[in-house]
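S.K.: Before we start, here is the structure in question, set down as structure tokens.
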Amino acid sequence: MNAPAPRPLRFAVAPSGFKESLTAREAAEAIAEGLQRVVPDADTDLIPLVDGGEGTAEALAAATGGALHHLTATGPTGVAVPTHFALLGPGARGAAGGRAAVVEMAAVAGLSLVPPDQRDPGATTTRGVGELVRAALDFGARRILVGCGDSGTSDGGAGALQALGARLLDADGRELPPGGRALARLARVDRSRLDPRLADTELLVACNPFNVLCGPQGVARVFGPQKGASPAQVEELSAALERWARILARDVCGPAVALASPTPGLPPYAAPAPAHTMSGAAPALALLPSAAGGVDLRHGPGTGASGGLGAGLAALGARLLPRFDVLLDGLDLDARLARADLVVTAEGALDRQTTRGKIPAEVARRAKAHGRPVLALAGTIGEGAREVRGAGVDAYHGILPAPVALAEALGRGREFLADAAEAALRMILIGTRLTGAPGRFAPPAPAPTPPPGPGRLVPLPGPPTAPR
Numbered sequence: 427m428n429a430p431a432p433r434p435l436r437f438a439v440a441p442s443g444f445k446e447s448l449t450a451r452e453a454a455e456a457i458a459e460g461l462q463r464v465v466p467d468a469d470t471d472l473i474p475l476v477d478g479g480e481g482t483a484e485a486l487a488a489a490t491g492g493a494l495h496h497l498t499a500t501g502p503t504g505v506a507v508p509t510h511f512a513l514l515g516p517g518a519r520g521a522a523g524g525r526a527a528v529v530e531m532a533a534v535a536g537l538s539l540v541p542p543d544q545r546d547p548g549a550t551t552t553r554g555v556g557e558l559v560r561a562a563l564d565f566g567a568r569r570i571l572v573g574c575g576d577s578g579t580s581d582g583g584a585g586a587l588q589a590l591g592a593r594l595l596d597a598d599g600r601e602l603p604p605g606g607r608a609l610a611r612l613a614r615v616d617r618s619r620l621d622p623r624l625a626d627t628e629l630l631v632a633c634n635p636f637n638v639l640c641g642p643q644g645v646a647r648v649f650g651p652q653k654g655a656s657p658a659q660v661e662e663l664s665a666a667l668e669r670w671a672r673i674l675a676r677d678v679c680g681p682a683v684a685l686a687s688p689t690p691g692l693p694p695y696a697a698p699a700p701a702h703t704m705s706g707a708a709p710a711l712a713l714l715p716s717a718a719g720g721v722d723l724r725h726g727p728g729t730g731a732s733g734g735l736g737a738g739l740a741a742l743g744a745r746l747l748p749r750f751d752v753l754l755d756g757l758d759l760d761a762r763l764a765r766a767d768l769v770v771t772a773e774g775a776l777d778r779q780t781t782r783g784k785i786p787a788e789v790a791r792r793a794k795a796h797g798r799p800v801l802a803l804a805g806t807i808g809e810g811a812r813e814v815r816g817a818g819v820d821a822y823h824g825i826l827p828a829p830v831a832l833a834e835a836l837g838r839g840r841e842f843l844a845d846a847a848e849a850a851l852r853m854i855l856i857g858t859r860l861t862g863a864p865g866r867f868a869p870p871a872p873a874p875t876p877p878p879g880p881g882r883l884v885p886l887p888g889p890p891t892a893p894r
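Counting from 427, one number per residue, gives the positions in the sequence shown under this note's numbering.
Take a look at the structure:
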């Protein structure tokens, strides 16, 4: 009786997008293309992942049977841009039976919307985020999830609050102009004209809990340089956001902002959080009490999300939620990783920040719970990349074949990613042949070749020929 044929290799491909180059879906397709050049009959499961940044609204609309609504709103430089928000399907309901909506910060205030020669995080604004929240309210949404990621702003959410009716005033009672730099002149916040519909709306923020507003790991210091800030501008912006946090807590935070204690013995960002879904509820991340007895928006987990947008929305009573608890709901991710022989994840940059709440680290953590090997591909390999091994990544591989200009790297991202996936898988297969490692990656032993006789050449293997 013949033995049953071995099942095909199973790959789980779970990347994020590559900023300004590939969406998560495009990245997954490119990786699959490279893997299937090596193993054409592989069972490849594409799991494109979003982290609150680009593609979040579209992904959640598709997952719930909802739809995107297109409109124009204020972009990060103050110029109107075409944008969208999502109204989710009937499975995700809001408070009092209202509809649920998703506002994607990156779709209206993302870095990709700021031309390189205009990248000044002290001047860009989140006003468009507030305009999208207002538009969702107009459509009857009473549960609104704001996805944070890929931001081009560092205004602490000030622009969003202004769009929702708050007035930011200097010592002479004049309204401040847009941007985080202007917050250095803030004297008080007038909340009397805030949109009254916010009072009966559940506002959620899907954020990276490792991002805090102020301090040595504050948003201006960690992300300001990526958004175009000079060292002097980083310090200026850090001081302005410190002032914003203090005045915001004094003038805006009300009883709706619930205090919670972090888990004893853990820093606040490490406190485990219950799962949350768009159709259920869970406690928010812990906002820390200040010495004065109010809420400390400076160091609470998630307050630094999207240039401090997390802090601004938290002051309105929004609940800050670990983004993966929200955004991976409904994907059945753990089961799909568990059935794979190899998990491949990817991101634009692999560095020290990867272990602080980025997609490759989250995928690796979940895959390791099921004993699955993890390969990470990245556009660039930066300082501290080796730390990802401690997070569960078994191996990582850069995708650039040689030093190239940024424009070329972005334009040829799909090609480079597919080639890197192919090269990495070939190396894995070489390793299994060298070690004779058992398991799904152990190739069948080749048929023995008889030793050559006198004057006989051993032909090199070549491509199969068509039958004559």
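All C-beta atoms, glycine included, are put in the ideal place defined by N, C-alpha and C. Everything numeric in this text was worked out from a predicted model, so none of it was measured.
In whole angstroms, what is the alpha-carbon distance linking Ser-442 and Gly-501?
M.R.: As a position in the sequence shown, residue 442 is number 16, starting the count at 1. As a position in the sequence shown, residue 501 is number 75, starting the count at 1. Those two C-alpha atoms are separated by around 24 Å.
S.K.: Given a threshold of 16 other Cβ atoms within 10 Å of its Cβ, counted over all protein chains shown, does Ser-618 qualify as buried or as exposed?
M.R.: Here the question's residue 618 lines up with position 192 in the sequence shown. Exposed.
S.K.: If you scan the stretch 767 to 841 from start to end, which runs of the alpha helix (DSSP H) of 4 or more residues do you find wholly inside it?
M.R.: The stretch 767 to 841 contains these whole alpha helix (DSSP H) runs: 785 to 794, 832 to 837.
S.K.: Taking the alpha carbon of Leu-448 as the reference point, which residue from Val-476, Asp-469, Pro-434 has its own alpha carbon closest?
M.R.: Here residue 448 is taken as the residue at index 22 of the sequence shown, counted from 1. The shortest Cα separation from Leu-448 among Val-476, Asp-469, Pro-434 belongs to Val-476.
S.K.: Output needed for Val-464: all residues of its chain with C-beta closer than 8 Å, excluding positions within five of it in sequence on either side, in chain order.
M.R.: Residue mapping note: residue 464 aligns to position 38 of the sequence shown, counting from 1. Only Glu-848, Leu-851, Arg-852, Leu-855 meet the Cβ criterion.
S.K.: So Gly-536 and Gly-578 are supposed to be a Cβ contact under 8 Å. How far apart are they, rounded?
M.R.: Your numbering for residue 536 matches position 110 in the sequence shown. Your numbering for residue 578 matches position 152 in the sequence shown. Rounded, the Cβ-Cβ distance is 6 Å, consistent with contact.
S.K.: Could you check whether the stretch 530 to 544 touches the stretch 597 to 610, counting it as contact only if at least three pairs of C-beta atoms, one from each stretch, sit closer than 8 Å?
M.R.: No contact exists between the stretch 530 to 544 and the stretch 597 to 610.
S.K.: Using 10 angstroms around the beta-carbon of Leu-860, count the other beta-carbons present and answer buried if the total reaches 16, otherwise exposed.
M.R.: On the sequence shown, residue 860 is found 434 positions in, with the first residue counted as 1. Exposed is the call here.
S.K.: Sort Arg-749, Arg-672, Gly-650 by Cα distance to Glu-662 and report the nearest one.
M.R.: Locating residue 662 in the sequence shown gives position 236, where the first residue counts as 1. Minimum Cα distance to Glu-662 is reached at Gly-650.
S.K.: For Val-645, which of helix, strand or coil comes out of DSSP?
M.R.: Counting from 1 along the sequence shown, the entry for residue 645 is found at position 219. Helix.
S.K.: Thr-509 by DSSP, collapsed to three states: which one?
M.R.: Locating residue 509 in the sequence shown gives position 83, where the first residue counts as 1. Of the three classes helix, strand and coil, the one that applies to Thr-509 here is strand, per DSSP.
S.K.: Output needed for Gly-556: all residues of its chain with C-beta closer than 8 Å, excluding positions within five of it in sequence on either side, in chain order.
M.R.: Position 130 of the sequence shown, counted from the first residue, corresponds to residue 556. Cβ within range, chain order: Gly-585, Ala-586, Leu-587, Gln-588, Ala-589, Leu-590.
S.K.: Report back the beta-carbon spacing between Ile-457 and Leu-843 to the nearest angstrom; my notes put them in contact at under 8 Å.
M.R.: On the sequence shown, position 31 is the one that residue 457 refers to. On the sequence shown, position 417 is the one that residue 843 refers to. Right, their Cβ atoms sit about 6 Å apart.
S.K.: Have a look at Asp-469 and Val-638 and give me their C-alpha separation to the nearest angstrom.
M.R.: Within the sequence shown, numbered from 1, the residue matching residue 469 stands at position 43. Within the sequence shown, numbered from 1, the residue matching residue 638 stands at position 212. Asp-469 and Val-638: Cα-Cα distance of roughly 41 Å.
S.K.: Less than 8 Å between the CB atoms is what I'm expecting for Pro-635 and Gly-728, so what's the real figure, rounded?
M.R.: The residue you call residue 635 lines up with position 209 of the sequence shown. The residue you call residue 728 lines up with position 302 of the sequence shown. Rounded, the Cβ-Cβ distance is 5 Å, consistent with contact.
S.K.: I need the DSSP call for Gly-536, collapsed to helix, strand or coil.
M.R.: Your numbering for residue 536 matches position 110 in the sequence shown. Here Gly-536 sits in strand by DSSP.
S.K.: Cβ of Leu-855 less than 8 Å from any chain E Cβ?
M.R.: Going by chain labels, chain E is absent from the structure shown, which holds only one protein chain.
S.K.: Put Thr-498 into one of helix, strand or coil per three-state DSSP.
M.R.: Counting from 1 along the sequence shown, the entry for residue 498 is found at position 72. DSSP places Thr-498 in strand when its eight states are reduced to three.
S.K.: From Leu-667, Gly-478, Leu-472, Pro-829, pick the residue whose C-alpha is nearest to that of Arg-762; which is it?
M.R.: By 1-based counting over the sequence shown, the position of residue 762 is 336. When only C-alpha atoms are compared, the closest one is Leu-472.
S.K.: Taking the C-alpha atoms as reference points, what is the distance between Asp-581 and Gly-824?
M.R.: Counting from one through the sequence shown, the residue named residue 581 turns up at place 155. Counting from one through the sequence shown, the residue named residue 824 turns up at place 398. Each residue's Cα considered, the two are about 33 Å apart.
S.K.: Relative to the alpha-carbon of Glu-530, which residue among Thr-490, Asp-546, Ala-485, Val-505 has its alpha-carbon at the smallest distance?
M.R.: Here residue 530 is taken as the residue at index 104 of the sequence shown, counted from 1. It is Ala-485 whose Cα lies nearest to the Cα of Glu-530.
S.K.: Run the CB neighbour count on Arg-765, radius 10 Å, all protein chains shown included, and call it buried at 16 or more, exposed below.
M.R.: In the sequence shown, residue 765 corresponds to position 339, counting from 1. Under this definition Arg-765 is an exposed residue.
S.K.: Ile-457 lies in the alpha helix (DSSP H); which residues open and close that run?
M.R.: Counting from 1 along the sequence shown, the entry for residue 457 is found at position 31. Ile-457 -> alpha helix (DSSP H) spans 450 to 464.
S.K.: In whole angstroms, what separates the C-alpha of Leu-746 from that of Pro-434?
M.R.: As a working note, residue 746 is residue 320 in the sequence shown. As a working note, residue 434 is residue 8 in the sequence shown. If I take the Cα positions, the gap works out to 42 Å.
S.K.: Report all residues from its chain with a CB closer than 7 Å to the CB of Glu-452; omit the five preceding and five following residues, and keep chain order.
M.R.: For this step, residue 452 is matched to residue 26 along the sequence shown. Arg-840.
S.K.: Should the stretch 774 to 790 be regarded as contacting the stretch 804 to 820, the criterion being three or more beta carbon pairs within less than 8 Å?
M.R.: With a cut-off of 8 Å, the stretch 804 to 820 and the stretch 774 to 790 count as touching, because enough Cβ pairs lie within range.
S.K.: Check the C-beta distance from Gly-615 over to Val-678 and give it rounded, since I have them as a contact under 8 Å.
M.R.: As a position in the sequence shown, residue 615 is number 189, starting the count at 1. As a position in the sequence shown, residue 678 is number 252, starting the count at 1. Checking the sequence shown, residue 615 turns out to be Val, not Gly. Going by Cβ atoms, the distance from Val-615 to Val-678 rounds to 5 Å, so yes, they are a contact pair.
S.K.: From the DSSP output, read off the bridge partner residues of Arg-593.
M.R.: One-based indexing of the sequence shown puts residue 593 at position 167. In DSSP, Arg-593 forms a bridge with Asp-616.
S.K.: Could you say which of Leu-768, His-796, Phe-750 lies nearest to Glu-788 if we only look at CA atoms?
M.R.: Walking along the sequence shown from the start, residue 788 turns up at place 362. Here the closest residue by C-alpha is Phe-750.
S.K.: So, helix, strand or coil for Phe-750, using DSSP?
M.R.: Here residue 750 corresponds to residue number 324 of the sequence shown, with the count starting at 1. Phe-750 falls in the helix class under three-state DSSP.
S.K.: Say the cut is 7 Å; is the CB of Ala-549 nearer than that to a heavy atom of the ligand ADP?
M.R.: This structure lacks the ligand ADP, and indeed carries no ligand of any kind.
S.K.: In the DSSP assignment, what residue or residues form a beta bridge with Val-901?
M.R.: In the structure as shown, the chain starts at 427 and stops at 894, and residue 901 therefore has no counterpart that could be examined.
S.K.: Is DSSP giving Ala-440 helix, strand or coil here?
M.R.: Position 14 of the sequence shown, counted from the first residue, corresponds to residue 440. Here Ala-440 sits in coil by DSSP.
S.K.: Using only alpha-carbon positions, find the residue among Ala-533, Ala-833, Thr-509 that is nearest to Glu-480.
M.R.: Within the sequence shown, the letter at position 54 stands for residue 480. Of Ala-533, Ala-833, Thr-509, the residue nearest in Cα terms is Ala-533.
S.K.: Quick one: Cα of Val-830 to Cα of Phe-444, how far?
M.R.: For the purposes of this step, residue 830 is taken as the residue at position 404 of the sequence shown. For the purposes of this step, residue 444 is taken as the residue at position 18 of the sequence shown. Roughly 16 Å separates the two Cα atoms.
S.K.: With a threshold of 8 Å, are at least 3 pairs of Cβ atoms found where one atom belongs to the stretch 652 to 672 and the other to the stretch 624 to 631?
M.R.: In short, these stretches do not touch, since the Cβ pair count stays below three.
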